[in-house]
Ligand code: 0L1
Ligand code: MG
């Protein structure tokens, strides 16, 4: 039996949320919480995410959408999981195109190219299929997510990462908006460039076979938590390639077949 330090507050979802928000706001990283507290289950981790969202809202942030993580087989294998995870996006994370990576707010940013949806009408699980999910999409666009873990060296368990809002940092959306029937998303390709070198590439099929599968998964997962995905929300469907570190002074660009390019200065 593990005894708690009598001077430390008892572990709870609220304490996990507070620790990770404090780490985020002070840009300090820490070690795995689950290693200290095995009681950090996936349900507790999602509860911590929602408590942190309530705190973000109390600080004036508004929800702009949601994001999925671990939607590619490669990332799932790295983490030893077989399902994606979901998290919140707020206006404080939205980065206007052309601005550099907000390094002053982040610990160790990494960038990953994604396909994003903007919903035209609400979507509520359970039972949502990929076809139904796609029918709720108004626009498809490119995105680059700048992930930033509150764990040192991005070393965490799945539960740690979910409690940390899936390593949320910032996100920027692309210059081209397409109707979902104008683009074959499983074939939409992306080249990831760092300082002039192409370092990785993928197509939308890396995202659960088709990004609409990720949207359906999100609708059903949030539906199980009583949350409807709202019209106007942005949905980041998950990294198409591995995330790359964004060094100061570097330049990261994601070039999509039909969704245009996004270029980010490393700050
Ligand atoms: O958006 C993401 O793919 C992040 C997933 C959370 C785990 C990670 O930091 O890779
Ligand atoms: Mg992502």
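In full-length UniProt numbering, the protein residues as written are 1 to 267.
Even glycine gets a Cβ: it sits at the ideal position worked out from N, Cα and C.
Query: Outcome for residue 185 when other beta-carbon atoms lying within 10 angstroms are tallied against a minimum of 16; Result: buried
Query: Beta-carbon contacts of residue 120 that lie in its chain and below 7 Å, excluding the five residues immediately before and after; Result: 136, 137, 138, 231
Query: Status (buried if at least 16 other CB within 10 Å, exposed otherwise) for residue 85; Result: buried
Query: Residue 1 burial status per 10 Å Cβ neighbour count (16 or more: buried); Result: Confidence is the limiting factor: at residue 1 the pLDDT is only 43, short of 50, which leaves the residue's position unreliable, though a coordinate-based value still follows. Per the 10 Å Cβ criterion, exposed.
Query: Any 3 or more C-beta pairs closer than 8 Å across the region 249 to 267 and the region 92 to 104; Result: yes
Query: Contact belief for residue 94 with residue 219 at Cβ below 8 Å, rounded distance in angstroms; Result: In fact, because the Cβ distance is near 21 Å, the residues do not count as touching under 8 Å.
Query: Beta-carbon gap between residue 237 and residue 211 smaller than 8 Å; Result: yes
Query: Check: residue 42 C-beta below 7 Å from any heavy atom of ligand 1; Result: no
Query: Residue 13 burial status per 10 Å Cβ neighbour count (16 or more: buried); Result: buried
Query: Three-pair Cβ contact test at 8 Å for the region 145 to 152 versus the region 101 to 110; Result: yes
Query: Simplified DSSP state of residue 51, which is helix, strand or coil; Result: helix
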